Amino acid sequence: MNGKRMKEIFMERTELEKRKPIFDNRAIFLLLWPVLIEQTLASTVGIADTIMVSSVGDAAVSAVGLIDTINNMFIQIFTAIATGTTVVIAQLSGRRDDDGIHKTVGQSSALMTLIMTLIGLMVILFGAPIFDLLYPKVETAVRSDALVYFKVTGASYPFFALMIILTGIFRGSGNTRTPMLISLWVNIINIALNAVFIYGFHMGVAGAALATLIARIVGTLMMVAATLHKYGRYVFRWENLRFTGRILKPVLNISLPSGLDTALFQGGRLIVSIFVARMATAAISANTIAGSMFGLICIPGNSFNVVATTVAGQCYGAGERREARRNLMKCTLIAVAMLAGLSVALYWFAPYLVSAYQPSAEAKPIAVSIVRLYLVMIPLSWPTAFVTAGGLRAVDDVKFVTLVSIPSMWIVRVVGAWLLGVKLNMGPFGLNLAMGLDWVVRSAFYIPRILTLKRLKTDAEPEIAKSAEPDV
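Below you can see the structure in the form of structure tokens.
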């Protein structure tokens, strides 16, 4: 780094210290702790699901793992679409535009619910041919369990979509506590019903799916009630639900590239899961167990991803572009430190953690090796690949993120998974190693992008301000 660049960073810090920032360290951590709790609860439910289902056998675990790959593809796509709403709400909150907030809440909720209702119906009606197309060589027992799980969880898509969009709205406005409290109740209900249906009524994967459906319906009703309490009944009146270009354009300017990015990203993951499905049942089970552990390990990273989007978006909406950059780097570095500490603490306990899933003798060593690979890869490259990406989207740099992530996903992860996992016969370990290499490539592009001061459009208005034409 040359002397001129060092001087720019020093002058930026001095300038920020002269005035009160929008988000100081205390404000960032006040946003963080509810998200940490919420993410921990969500991961705990995922782990509890897998542990309870594992008592039924490897076929059940494999079925849930394969369908969760498809479910997560849809979930991540509409979470990415919801990111557009979160970013716009954050920018509008920074500008104190209450009318824009109300219309964005109503129209985004209506659009998301409509889209995911159609997708949910498609899964219910055509679940079997979709599954057979993706996984033609799966064992009969795995297929039978998978189809039941797929159709029941597919029915929950519209409810979960609305819950996700409303959660993003609260986060974008700086309220992370309400989603955390609702998530607490949803997860308690989910775990309790899992135990009742799986252990009490011996329903197997059908019980796990039904528990998920009921919990998501309850969570959606609670989020709707919280939204009505915060914004009033009129937020869901026709004038706020009717689609207009002025409101949806800035949302879709972020949502569509993010959704495309995520759709192709999840499509790549789906192809990798097809590689896994061609392996032995023990390998599929091990990969499912390790994937469940991945959610636990990544809790700090996922939490800072949410916080970075809110913080950078509000700073950017208020015109404080350099503070947005500074806080984004701060969130990324703290996430690295937290993940490193967690990984060191968990590395030696990996065999005991995997044993909680009651894996078969063949699956356990494979799962342990993958979990330990995660514990090395995640702190080194996950925050710099994904926390940074969330922040860049929040400052209207979504196109750059998309242009980097799509080639990296398909060239590094998908092709790499085929080479390492299939051709070199490294199995699930090779597939996950390719995933880590994908993170490294993304990081190599995103970090320099953030460190370039002029990239944050210090003399331009946020994209939301450019779309102020009347409703049409």
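So the working numbering is basically just the index in the sequence shown, starting at one, shifted up by 445.
For glycine and all other residues, C-beta sits at the position ideal for the given N, C-alpha and C.
Predicted, not measured: the structure shown is a model, and the values here were computed from it.
Scanning 483, 665, 510 and 503 for the CA closest to the CA of residue 808 turns up 503. Residue 618 sits in coil when the DSSP states are folded into three classes, being neither helix nor strand.
Spatial neighbours of residue 553 in its own chain (CB-CB distance under 7 Å, excluding positions within 5 residues in sequence) are listed in chain order as 530, 610 and 696. Taking a cut-off of 8 Å on C-beta distances, the stretch 823-834 does not touch the stretch 854-863, as fewer than three cross pairs fall below it. Short of 6 Å from the beta carbon of residue 623, and not among the five residues preceding or following it, lie these beta carbons of its own chain, in chain order: 615 and 671.
Around residue 599, the same chain offers 565, 568 and 569 as residues with beta carbons nearer than 6 Å, after the five sequence neighbours per side are excluded. In the three-state DSSP reduction, residue 803 falls in the coil class, being neither helix nor strand. Apart from sequence neighbours up to five positions away, the residues of its chain that approach residue 555 with a beta-carbon distance below 8 Å are 686 and 688, ordered along the chain. Here residue 594 really is in contact with residue 650; their C-beta atoms are around 5 Å apart, less than 8 Å. Taking a contact to require three or more Cβ pairs closer than 8 Å, the stretch 765-773 and the stretch 507-522 do not qualify as touching. Following the DSSP letters along the chain, one finds residue 792 inside the alpha helix (DSSP H) bounded by residues 766-792. Boundaries of the alpha helix (DSSP H) around residue 891: 872-896. Residue 524 is positioned such that its CB atom lies no closer than 8 Å to that of residue 702. When C-alpha distances from residue 606 are compared across 661, 799 and 479, the shortest belongs to 661. CA-to-CA, the gap between residue 479 and residue 485 works out to about 10 Å. In the pairwise beta carbon analysis, the stretch 720-734 is classified as touching the stretch 811-818: at least three pairs are separated by under 8 Å.
Closest by C-alpha distance to residue 779, out of 829, 516 and 795, is 829. Annotation: residue 518 to residue 713 spans about 10 Å, alpha carbon to alpha carbon. Here the alpha carbons of residue 836 and residue 783 stand approximately 18 Å from one another.
A direct Cα-to-Cα measurement between residue 724 and residue 514 gives close to 16 Å.
By alpha-carbon distance to residue 604, the top candidate from 669, 648, 579 and 645 is 669. Taken through DSSP and simplified to helix, strand or coil, residue 761 comes out as helix. Judged by beta-carbon spacing, residue 878 lies within the 8 Å limit of residue 818, meaning their Cβ atoms are closer than that value. Excluding the 5 residues flanking it on each side, residue 744 has same chain C-beta neighbours closer than 7 Å at 481, 484, 485 and 488, in chain order. Take residue 572, set aside five residues on each side of it, and the residues of its chain with a beta-carbon closer than 7 Å to its own are 592, 595, 596 and 599, in chain order.
Per the coordinates, the alpha-carbon of residue 773 lies some 10 Å from the alpha-carbon of residue 892. Buried is the label assigned to residue 499, since at least 16 other Cβ atoms lie within 10 Å of its Cβ. Fewer than three pairs of CB atoms, one per stretch, sit closer than 8 Å, so the stretch 633-646 makes no contact with the stretch 576-592. For residue 692 and residue 617, the gap between their C-alpha atoms comes out near 16 Å. Distance between residue 786 and residue 742, taken at the CA atoms: about 11 Å. In this structure, 505 is the residue among 646, 540, 521 and 505 with its C-alpha nearest to the C-alpha of residue 585.
Of 682, 644 and 698, the smallest CA-CA separation from residue 838 is found for 698. It is roughly 17 Å from the alpha-carbon of residue 715 to the alpha-carbon of residue 587. A direct Cα-to-Cα measurement between residue 629 and residue 536 gives close to 28 Å.
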